[in-house]
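Protein chains: 2
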Amino acid sequence: MGKTQKNVGRHIVADLWGCNSEYLDDVSIVQEFMNNAARAANATVLNSVFHTFLPHGVSGAVIIAESHLAIHTWSELCLASIDIYTCGDKADPWKAFNYLKDAFQSKKHTVTELKRGIFEADENFDLQKNYKEQISG
Amino acid sequence: MGKTQKNVGRHIVADLWGCNSEYLDDVSIVQEFMNNAARAANATVLNSVFHTFLPHGVSGAVIIAESHLAIHTWSELCLASIDIYTCGDKADPWKAFNYLKDAFQSKKHTVTELKRGIFEADENFDLQKNYKEQISG
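If you read the sequences in order, they're chains B and Z.
So the first sequence is numbered by this note's numbering: it starts at 1 and just counts up by one.
So the second sequence is numbered by this note's numbering: it starts at 1001 and just counts up by one.
Below, the structure written as structure tokens:
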């Protein structure tokens, strides 16, 4: 049987520059945008945690059924540094990225997609089944 | 005055394979290891959120004063997928990585360090000061 490369998730790493700095210091707005982003990606929000820093900045993470979203903001730099990590085919992390880019009114950004948990498996490998012995070596 | 490349943070992206699968399904152990990892990095834990999945897996995030740690586990794959994002010079994310690698008894791993929030600034730029106009364009 042929082997193929699989991965458990997709992780978008993005730094959004030139954002609306008022949004970046308002934890209620940041939290709302992050939850909206999860929904835009067709992900299921389970729980979240946010923290406001003084004099500037918000940090937060949203646990979704498909993994997580995280954000750190530097309003003094107009920067939102975001991570969107999704597993499975249901959620599309790029939809969350596009939502956040527009919501924070970002003027420029860097973004890359990482494959997470890459492994070799049989072509018909099913992540839902227990193949521990196959790749735990 | 000379320009130089600065970044707001360091982000370690790591997938730990061959972990002790019993640890990966125990949310109290995963949470303890993640909090220990933050302390090993000399970071300050502010808050955290964890979720247990059925039949397998734990997801969680720890907000630290220096940014965050996140984890997703697949005990059926003996895999812990972790992120350690720290800002400033006080915390060393590699110390958290080394702690987690050993704590989960990982047999092999992939790991890379990303620079987050990269920008050009004057050599004497101080992130604590307000240089919004310098890089918000």
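Glycine included, every Cβ here is placed at the ideal spot set by N, Cα and C.
Quick caveat, the model's predicted, so the values are computed rather than measured.
Against chain B, the CB of R1116/Z has a partner CB under 8 Å away; the residue lies at that interface. Contact between S48/B and G57/B does not hold, since their C-beta atoms are separated by about 17 Å, which reaches or exceeds 8 Å. Using a Cβ-Cβ cut-off of 8 Å, I1063/Z counts as an interface residue toward chain B, since at least one Cβ of chain B sits closer than that to its own.
The beta carbon of D1102/Z lies closer than 7 Å to none in the same chain, with the five residues before and after it left out. By the beta-carbon neighbour count (other beta carbons within 10 angstroms, threshold 16), P1055/Z is exposed.
Non-local beta-carbon contacts of H109/B in its own chain, meaning distances under 8 Å to residues more than five positions away in sequence, involve A14, D15, L16, W17 and K101 in chain order.
If you draw a straight line from the Cα of Q31/B to the Cα of F50/B, it comes to about 7 Å.
If you draw a 10 Å sphere on the C-beta of G1002/Z, you find fewer than 16 other C-beta atoms in it, and that means exposed.
Any Cβ of chain Z closer than 8 Å to the Cβ of G88/B would place that residue at the interface, and such an atom is absent.
Beta-bridge pairing by DSSP links E1120/Z to Q1005/Z. Shown here for K1095/Z: same chain residues with a beta carbon closer than 6 Å to its own, the five before and five after excluded, namely A1040 and A1041 in chain order. Of the residues M1034/Z, T1004/Z and T1044/Z, the one whose Cα lies closest to the Cα of A1080/Z is M1034/Z. Those residues of the stretch 1035-1054 of chain Z placed with their C-beta closer than 7 Å to a C-beta in chain B are L1046, N1047, S1048, V1049 and H1051, ordered along the chain. For D102/B, the enclosing alpha helix (DSSP H) has its first and last residue at P93 to A103.
Residue burial is scored here from C-beta neighbours: T1004/Z has fewer than 16 other C-beta atoms within 10 angstroms and is therefore classed as exposed. Take A38/B, set aside five residues on each side of it, and the residues of its chain with a beta-carbon closer than 7 Å to its own are V45, V62, I64, L69 and A96, in chain order. Listed along chain B is no residue with a C-beta nearer than 8 Å to that of D1026/Z; the closest approach is about 16 Å. A Cβ-Cβ contact shorter than 8 Å links S75/B with S21/B.
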